[in-house]
Amino acid sequence: MGSLRRKLASYSEQGMHSFHTPGHKGRSDILSPLIFPDHDLTELPGLDMLHNPQGVIAEAQRKAAGIYGAGETFFLVNGATAGNHAMFMTLMNGQKGKKIRIERKAHRSVIGALILSGLEPEYIASVIHPDFGLPLGLDREEYCNISEQVGAFHLTNPSYYGTAIDLDFIIQWRDKIMPAVPVLVDQAHGSHFKGDLFPKGAVDQGADIVVHSTHKTLAALTQAAMLHVQGNRIDKIALQKSLELLQTSSPSYLLMESLDNAVSHWNEYCWDDLYEEVMLLQKKLAGSLRILTKKDIGDFGVKDVDWTKILVNISTLEISSSDFVEILRSSFQIEPELWDENNILFLLGIGNKPEDVRILSEALESLVKRFGCLSSQGYGKAVIRKEHEFSWKELSKTKFLPSVRLTPREAWLAAKKAIKVKDCLGRIAGETISIYPPGIPLIAAGEEITPCVLHYLEQAGRYRWQGWQGFRQSEILIVDI
Ligand SMILES: Cc1ncc(COP(=O)(O)O)c(C=O)c1O
19 MGSLRRKLAS YSEQGMHSFH TPGHKGRSDI LSPLIFPDHD LTELPGLDML
69 HNPQGVIAEA QRKAAGIYGA GETFFLVNGA TAGNHAMFMT LMNGQKGKKI
119 RIERKAHRSV IGALILSGLE PEYIASVIHP DFGLPLGLDR EEYCNISEQV
169 GAFHLTNPSY YGTAIDLDFI IQWRDKIMPA VPVLVDQAHG SHFKGDLFPK
219 GAVDQGADIV VHSTHKTLAA LTQAAMLHVQ GNRIDKIALQ KSLELLQTSS
269 PSYLLMESLD NAVSHWNEYC WDDLYEEVML LQKKLAGSLR ILTKKDIGDF
319 GVKDVDWTKI LVNISTLEIS SSDFVEILRS SFQIEPELWD ENNILFLLGI
369 GNKPEDVRIL SEALESLVKR FGCLSSQGYG KAVIRKEHEF SWKELSKTKF
419 LPSVRLTPRE AWLAAKKAIK VKDCLGRIAG ETISIYPPGI PLIAAGEEIT
469 PCVLHYLEQA GRYRWQGWQG FRQSEILIVD I
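With the numbering used here, you'll find the sequence shown wraps up at 499, consecutive numbering, no jumps.
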């Protein structure tokens, strides 16, 4: 047995309760229509071709488009990452002299899209929620305040943490003021947004192109995602060509079959029962833990909340979040999606059962009893108590917007050199560095390194990083000019 297989086998033997991606949660009953290995096939006569679909793939994509109300749907076999990349590649023609307005809580794949396309970003700061210290909202007026030539709008909705922004407002404003400009939405975390239980999906709201990371919350295999397009602001031929360029020439039928399956059955499982359990959990823990709920709608740029993301702030407890997570894992077999120094995110998917939420609720209750409340006044008075933690709030004091000195592509192509982090203030970042998860860039390639960014880079050992090669040597890649 290979070591990777051994590791995976020993992990799955632990029988953890999954509060992370993928959305199927390892349930073979949800995935059982997948026939492995028989259906691991290639482009054979009688089957179809993803890059020029005429038969069953075209039919499955049409069905998905019908379910989501899109004009056309494209299956993706390299995640929502490929969707973000393709959206930007499609825009390359006719964008000279125009900027792409991008909400800054975008995933790092959006910076990748800027590198691939060469498009020029104009970043708009997200609103940091003071209780969680996280970028959860967007000031819609600020986003719609245009002074320059804008070629497209890119928004991330919902956030990783399940908050939705006021996309309706932005799209209605676009329709009035700049009707030709396309709205691109990264809805990676909201493939399940259909029906009354969830926030509205971006296709229904009128966005021109929308990416879903289907594997995150529905019953699709990891990497399986979708790109939906509608209207005539997006050049479909350019889109098709971009996808052909970016994706493998051997797309997996298993991934595509899982997408077909995921949309066919999205509503057959127990969303309603899960909803009831989550409401009970919120009720039981209100007063002892700060949990993101519907009550947060209307504040700090949050227009709606997806209850399937259970975001818990534990800063009132006398325990660090990493120790808290360790106990959740070892004593309760609960595996969360992510955590930072104050918050833990539990992600529900179509494969979760109501008893999973009950187990989580009991575990949280028991840990609250054990580690008590720091504040007798309840969570509302919770202070973010750790002094040196990474906090988007801290970054937002400087508006968290380092100036863009080069486009990410210019920085990518420029000569670069590694220097000591302590010497990098004011230099242009040659790499995009994110604390992972969530993968929102702390500094994007081409941006000037500010004192605030430097402050966090100097505490490298405290975080898990993505995109930063030299962090062990305390070095950073800068543009050599
Ligand atoms: C907001 C957002 N967009 C895009 C992606 C990329 O999705 P995928 O993993 O399907 O490539 C992620 C991944 O976490 C994400 O959080």
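Cβ coordinates follow ideal geometry from the N, Cα and C atoms, glycine included. Bear in mind the structure is a predicted one, so any value in this text is a computation, not a measurement.
- In summary, R24 is exposed, with fewer than 16 beta-carbon neighbours lying within 10 Å of its beta-carbon over all protein chains present.
- Between ligand 1 and G316, a heavy atom-to-CB distance of less than 6 Å is absent.
- For the set S338, E275, P197 and A478, the Cα lying nearest the Cα of D56 is the one of E275.
- Boundaries of the alpha helix (DSSP H) around L303: W289 to L303.
- Looking at G316, G169 and G305, the one whose alpha-carbon comes closest to that of I332 is G305.
- For A243, the three-state secondary structure derived from DSSP is strand.
- In this structure, ligand 1 has no non-hydrogen atom nearer than 6 Å to the beta-carbon of A131.
- For S231, the shortest C-beta to heavy atom distance toward ligand 1 is below 6 Å.
- Take D66, set aside five residues on each side of it, and the residues of its chain with a beta-carbon closer than 7 Å to its own are Q72, G73, V74, I75 and A76, in chain order.
- In the structure shown, the three-state DSSP call for V343 is helix.
- DSSP places N331 inside the beta strand (DSSP E), whose first and last residues are K327 to N331.
- For D186, the uninterrupted alpha helix (DSSP H) run begins and ends at L185 to I195, by DSSP.
- Only residues of its own chain outside the window of five on either side were considered, and among them H42, A237 and G369 have a CB closer than 6 Å to the CB of I48, listed in chain order.
- Taken from the Cβ of T99, at least one heavy atom of ligand 1 lies inside 6 Å.
- With respect to the C-alpha of A225, the residue from L202, T235 and F92 having the closest C-alpha is L202.
- DSSP, read as helix, strand or coil, puts W486 in coil.
- The three-state secondary structure of W430, taken from DSSP, is helix.
- T266 counts as exposed, since fewer than 16 other C-beta atoms from the protein chains shown sit within 10 angstroms of its C-beta.
- With 16 or more other Cβ atoms from the protein chains shown falling within 10 Å of its own Cβ, I496 counts as buried.
- Following the DSSP letters along the chain, one finds Y271 inside the alpha helix (DSSP H) bounded by residues Y271 to S282.
- Cβ-Cβ separation between G169 and K117: approximately 6 Å, consistent with a contact (criterion under 8 Å).
- Per DSSP, the unbroken beta strand (DSSP E) holding H230 starts and ends at I227 to H230.
- Residue range N361 to L365 is occupied by the beta strand (DSSP E) that includes N361.
- In terms of side-chain proximity, the C-beta atom of A304 is found no nearer than 6 Å to any non-hydrogen atom of ligand 1.
- Taking the Cβ of A220 as the reference point, every heavy atom of ligand 1 lies at 6 Å or farther away.
- Rounded to the nearest whole angstrom, the C-alpha separation of G87 and T181 is 22 Å.
- Proximity of the beta carbon of A170 to ligand 1 is not indicated: no heavy atom of the ligand is located closer than 6 Å.
- Boundaries of the alpha helix (DSSP H) harbouring R80: V74 to Y86, taken from the DSSP string.
- In this structure the region 21-36 touches the region 344-363; the number of beta carbon pairs closer than 8 Å is three or more.
- A Cβ-Cβ contact shorter than 7 Å links I461 with V471.
- At a cut-off of 4 residues, the continuous stretches assigned as alpha helix (DSSP H) that sit fully inside the region 88-151 are 97-108 and 126-135.
- Of the candidates C442, V330, R427 and R480, the residue whose Cα lies closest to the Cα of A131 is R427.
- Assignment of beta-bridge partners to H35 by DSSP yields I352.
- Remark: the C-beta of Y293 is outside contact range of ligand 1, defined as less than 6 Å to any heavy atom.
- Around I85, the same chain offers V281 as residues with beta carbons nearer than 7 Å, after the five sequence neighbours per side are excluded.
- A Cβ-Cβ distance of about 19 Å is found for the pair L363 and K321, leaving them out of contact under the 8 Å criterion.
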